[in-house]
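Worksheet: one structure, shown below.
Number of protein chains: 2
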Amino acid sequence: MFTRIDHIGIAVENLDESIALYDRDFDLKLVHRETVEEQGVEAVLLDVGENHVELIAPLGPDTGVAKFLAKNGPGLHHVAYQVEDIEAEIARLTAAGIRMIDKEPRTGIRGSRVAFMHPKSTASVLTELTEPAKGAH
Amino acid sequence: MFTRIDHIGIAVENLDESIALYDRDFDLKLVHRETVEEQGVEAVLLDVGENHVELIAPLGPDTGVAKFLAKNGPGLHHVAYQVEDIEAEIARLTAAGIRMIDKEPRTGIRGSRVAFMHPKSTASVLTELTEPAKGAH
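Protein chains in written order, with our numbering: chain S, 3 to 139; chain H, 3 to 139.
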C-alpha cells in the first residue's frame, strides 16, 4: 500500500539557485542536504506538509541526472511513494508484472530504503518506493 | 503557505490503460473522473493518502497536453501544491517575483480553484496552486 506521495524529485542545474526558489519564494522549509554518491547527486529535501520536494543536482557528467538534464533540461524527474514495508511492496508489484530496477531495497536519502521501478513498466514515469528511516516521515 | 502536495499530474496517451496501472497494479483508489474542457483534458484522480495522482489525456490535437505528449511523450506533467487561500498565495508569489499564468484563480478539477505559475519562473517545472472545493481534500 502506498500511504502518501513521499516526494517529487526535481532535476536542477544549480542547487543553490533552486533552493532560493523553493525555500525563499515558495516558503518551504529546507530540512536536509546530502550527497548521495550511489545516485550521483547532491540533494536537498524541503517539507511541504507531510510531503517533500527533493531537488537533485548531478555530481558529474556521467551521472543519470546529468544525462537527464542534457536530454530534457531541468524539470520533474521522478515521483516517490511512501510505503511501510518495502520488501512486501516490491514482491506485490513484481507479482503484478511491474519490472523493478531494484529487486532489493537500497539506501536512499536520509537513511531511507528505496527501490525504483523501470519506466517501461510505468508509462515512462520514473517511480520510486520509499520506506523512511525510523523517526523520519 | 503550501500545506501539502495536492497532486502530481501525469500526461498519458491512453487513460484506461493508465488507470489499470495506477488502480489495479499500484492499488490506488480511483475517486473522480471528469472532462475539463477549459484545460482540454479528460482527467481522473486517484487517492494516495491525502495526496492524489491526476492522470490527464488530451481531448484533441490542439490542446496543451497533446503538444506536451508530441514533444516529450507520456510522463510527469505538473505538480500542484494545496493552499488554503489562493488569492493570498497568488499575491504573495507575485510580490516575490513569480510570473503567474493565471493572475486570478480559475476552476479546476472537482470544483477546485487553481492557478498556474509560468515555468520560466519555476526552473521549468509547471507548478499549480490548488484550493480544494469545500468538503474535498
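Using N, Cα and C, we set each Cβ at its ideal position, and we do this for glycine too.
Test: Ser20 of chain S CB closer than 7 Å to a CB of chain H: For the purposes of this step, residue 20 of chain S is identified with residue 18 of the first sequence, where counting begins at 1. So, interface residue.
Chain H contact for Asp25 of chain S (CB, 7 Å cutoff): Counting from one through the first sequence, the residue named residue 25 of chain S turns up at place 23. It does not: the Cβ of Asp25 of chain S has no partner Cβ on chain H nearer than 7 Å.
Per-residue DSSP class, three states only, for Leu71 of chain H: Sequence index remark: in the second sequence, residue 71 of chain H carries index 69 (1-based). In this structure, Leu71 of chain H counts as helix in the three-state DSSP scheme.
Sequence-distant residues of its chain with Cβ nearer than 7 Å to Ala45 of chain S (five each side left out): Position 43 of the first sequence, counted from the start, is the residue given in the question as residue 45 of chain S. Taken in chain order, the residues that qualify are Glu36, Val38, Glu56, Leu57, Ile58 and Ile111.
Beta-carbon spacing of Ile92 of chain S, Ala125 of chain S below 7 Å: Sequence index remark: in the first sequence, residue 92 of chain S carries index 90 (1-based). Sequence index remark: in the first sequence, residue 125 of chain S carries index 123 (1-based). It is not a contact, given that the beta carbons lie outside the stated cut-off.
Pairwise C-alpha distance: Val81 of chain H and Met119 of chain H: Within the second sequence, numbered from 1, the residue matching residue 119 of chain H stands at position 117. Within the second sequence, numbered from 1, the residue matching residue 81 of chain H stands at position 79. Spanning the two alpha carbons is a distance of roughly 11 Å.
Euclidean distance between Cα positions of Arg101 of chain H and Gly113 of chain S: Taking the second sequence and counting its residues from 1, one reaches residue 101 of chain H at position 99. Taking the first sequence and counting its residues from 1, one reaches residue 113 of chain S at position 111. For Arg101 of chain H and Gly113 of chain S, the distance between alpha carbons rounds to 37 Å.
Where Lys122 of chain H falls: helix, strand or coil (DSSP): As a working mapping, residue 122 of chain H is identified with position 120 in the second sequence. Note: Lys122 of chain H maps to helix in three-state DSSP.
Chain H within 7 Å of Pro107 of chain S, Cβ atoms only: Taking the first residue of the first sequence as 1, we reach residue 107 of chain S at position 105. Closer than 7 Å: no.
Bounding residues of the alpha helix (DSSP H) (the contiguous stretch that carries Leu95 of chain S): One-based indexing of the first sequence puts residue 95 of chain S at position 93. Note, Leu95 of chain S: alpha helix (DSSP H), Ile88 to Ala97.
Chain H contact for Ser114 of chain S (CB, 7 Å cutoff): Along the first sequence, one-based indexing puts residue 114 of chain S at 112. No, Ser114 of chain S lies away from the interface with chain H (no Cβ there is under 7 Å from its Cβ).
Segment limits, alpha helix (DSSP H) that includes Ile21 of chain S: Translated into positions along the first sequence, residue 21 of chain S becomes position 19. From DSSP, the alpha helix (DSSP H) with Ile21 of chain S extends over Leu17 to Ile21.
Partner residues on chain H for Thr37 of chain S, Cβ-Cβ distance less than 9 Å: In the first sequence, residue 37 of chain S corresponds to position 35, counting from 1. Going along chain H, no residue has its Cβ under 9 Å from Thr37 of chain S, so there is no contact; the nearest lies around 21 Å.
Span separating the alpha-carbon of Asn33 of chain H from that of Gly62 of chain S: For this step, residue 33 of chain H is matched to residue 31 along the second sequence. For this step, residue 62 of chain S is matched to residue 60 along the first sequence. Asn is not the amino acid found at residue 33 of chain H; the sequence shown has Val there. The straight-line gap from Cα to Cα measures roughly 42 Å.
Gly11 of chain H burial status per 10 Å Cβ neighbour count (16 or more: buried): Along the second sequence, read from residue 1 onward, the residue named residue 11 of chain H stands at position 9. Looking at its Cβ environment, which holds 16 or more other Cβ atoms inside 10 Å, Gly11 of chain H is buried.
Extent of the continuous beta strand (DSSP E) run through Ala138 of chain H: Residue 138 of chain H sits at position 136 when you count from the first residue of the second sequence. Note, Ala138 of chain H: premise wrong, no beta strand (DSSP E); not H, not E.
Rounded Cβ spacing between Tyr83 of chain H and Val50 of chain S (contact assumed at less than 8 Å): By one-based count along the second sequence, residue 83 of chain H stands at place 81. By one-based count along the first sequence, residue 50 of chain S stands at place 48. Going by Cβ atoms, the distance from Tyr83 of chain H to Val50 of chain S rounds to 6 Å, so yes, they are a contact pair.
For Leu48 of chain S: DSSP bridge partner residues: Sequence index remark: in the first sequence, residue 48 of chain S carries index 46 (1-based). Paired residue(s): S:Leu32 and S:Val55.
Test: Leu78 of chain S CB closer than 7 Å to a CB of chain H: By one-based count along the first sequence, residue 78 of chain S stands at place 76. Leu78 of chain S counts as touching chain H.
Interface residues of the stretch 43 to 68 of chain H facing chain S [CB-CB below 7 Å]: Val50, Gly51, Glu52 and Asn53
For Ile224 of chain H, three-class secondary structure by DSSP: Given that chain H is displayed from residue 3 to residue 139, the structure contains no residue 224 of chain H and the question cannot be resolved.
Own chain partners of Asn16 of chain H with C-beta closer than 8 Å, once the 5 adjacent residues on each side are dropped: For this step, residue 16 of chain H is matched to residue 14 along the second sequence. Counting only Cβ-Cβ distances below 8 Å, and skipping sequence neighbours, we find Ala59.
Beta-carbon separation (whole angstroms), Glu52 of chain H vs Arg108 of chain S, contact threshold 8 Å: To locate residue 52 of chain H, count along the second sequence from 1; it is residue 50. To locate residue 108 of chain S, count along the first sequence from 1; it is residue 106. Wrong, their Cβ atoms sit about 28 Å apart, outside the cutoff.
For Asp8 of chain S, the three-state DSSP class (helix, strand or coil): Counted from its first residue, the first sequence places residue 8 of chain S at position 6. In this structure, Asp8 of chain S counts as strand in the three-state DSSP scheme.
Thr132 of chain H classed as buried or exposed, judged by whether at least 16 other C-beta atoms fall within 10 angstroms: As a position in the second sequence, residue 132 of chain H is number 130, starting the count at 1. Buried, because 16 or more other Cβ atoms sit within 10 Å of the Cβ of Thr132 of chain H.
Cβ-Cβ distance between Asp1 of chain S and Ala98 of chain H below 7 Å: Residue 1 of chain S is absent from the model: chain S starts at 3 and stops at 139.
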